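Visitor:
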Amino acid sequence: MKVVHITGRAGSGKSRLIFQQIKAHLDEGDECKLILIVPEQFTLQSERDLIQYLQCPGIMQVEVLSFDRLAERILDEAGGKTRIMIDDQGRHMVLRKIIDDLVPQLNVYQKVSRQDGFVRHLGTLLSEFKHYHITPEMLESASKIHTGTLKDKLNDISLIFKHFNDYLGVRYLDIDDRFNLVLERIHAVSYTHL
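Numbering-wise, the sequence shown is residues 895 to 1088 according to our numbering.
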């Protein structure tokens, strides 16, 4: 499977080029299903544009999906939907509970943890860590080479992060972990050739 990057300014013909390639593939009579991945807000419009370009009443061999919808489809087929998905609000609720339990063990964030917005900022930070594959263990290691306030902050965040992951365990799935799970399971899906 090869990946082709099509770049250009708005109105330069990127969509038309993709539609031409889809049409050529369909005209060959290949039974292989095609997936056109677009941003969530463009799925319906892209589907309409494709149907109009192909001049047919419907499209059976082409699916227009967003990344979220594709992830859902992969997890449906390959397994992984047994865990309960938590969104940002769920993450904040879990973090609030964990922080309340850990307050006596925190050094820097003991007092600040009650301030408005702390949980939201911490949730954003943990989300970024997950995007960049930073683990609690990495933060703990980093704390060993630093001193003072930075060391204490890294220790506090590492402790909260570890307890957050432990709390989620095998029952819950953070929205940021979802795509990592998709990457683990994508090879088990029948319609991917990766």
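Glycine included, each C-beta is placed from N, C-alpha and C at the ideal position.
Treat the numbers as computed from the prediction; the structure is a model and nothing was measured.
At a Cβ threshold of 8 Å, is S940 touching chain C?
Guide: Structure shown: chain C not included; a single protein chain is present.
Visitor: Out of G973, E941, I931, F1012, which one is the CA nearest neighbour of H1081?
Guide: G973
Visitor: Could you compute how far the alpha carbon of T901 sits from the alpha carbon of T937?
Guide: Answer to the nearest angstrom: the Cα atoms are 19 Å apart.
Visitor: According to DSSP, simplified to helix, strand and coil, what is D995?
Guide: helix
Visitor: Does the Cβ of I992 have 16 or more other Cβ atoms within 10 Å, making it buried, or fewer, making it exposed?
Guide: buried
Visitor: Which same chain residues end up closer than 6 Å to S940 when comparing Cβ atoms and leaving out the 5 residues on each side of it in sequence?
Guide: Excluding sequence neighbours, S940 sits near V932, V958.
Visitor: Can the beta-carbon of Q1004 be found less than 8 Å from the beta-carbon of L1053?
Guide: no
Visitor: Would you kindly report the start and end of the unbroken alpha helix (DSSP H) that includes D981?
Guide: Here D981 belongs to no alpha helix (DSSP H), and DSSP marks it neither H nor E.
Visitor: Specify the secondary structure class of L1088 as computed by DSSP and reduced to three states.
Guide: In this prediction, L1088 scores a pLDDT of 43, lower than 50, which makes its location untrustworthy; the coordinate-derived value is nonetheless stated afterwards. Of the three classes helix, strand and coil, the one that applies to L1088 here is coil, per DSSP.
Visitor: Can you tell me where the beta strand (DSSP E) with Y1066 in it begins and where it stops?
Guide: 1066–1068 is the extent of the beta strand (DSSP E) around Y1066.
Visitor: Using C-beta distances below 6 Å, list every residue in its chain close to V988, excluding the 5 sequence neighbours before and after it, in chain order.
Guide: Excluding residues up to 5 positions away in sequence, Y1061 lie with their Cβ nearer than 6 Å to the Cβ of V988 in the same chain.
Visitor: First and last residue of the beta strand (DSSP E) that includes L1000?
Guide: Where L1000 is concerned, there is no enclosing beta strand (DSSP E), given that its DSSP letter is neither H nor E.
Visitor: So V956 is in the beta strand (DSSP E); what residue range does that whole segment cover?
Guide: 956–959
Visitor: Cα separation between R1079 and E971?
Guide: 9 Å
Visitor: In chain order, what residues of the same chain have a beta carbon less than 8 Å from the beta carbon of D962, not counting five sequence neighbours either side?
Guide: E934
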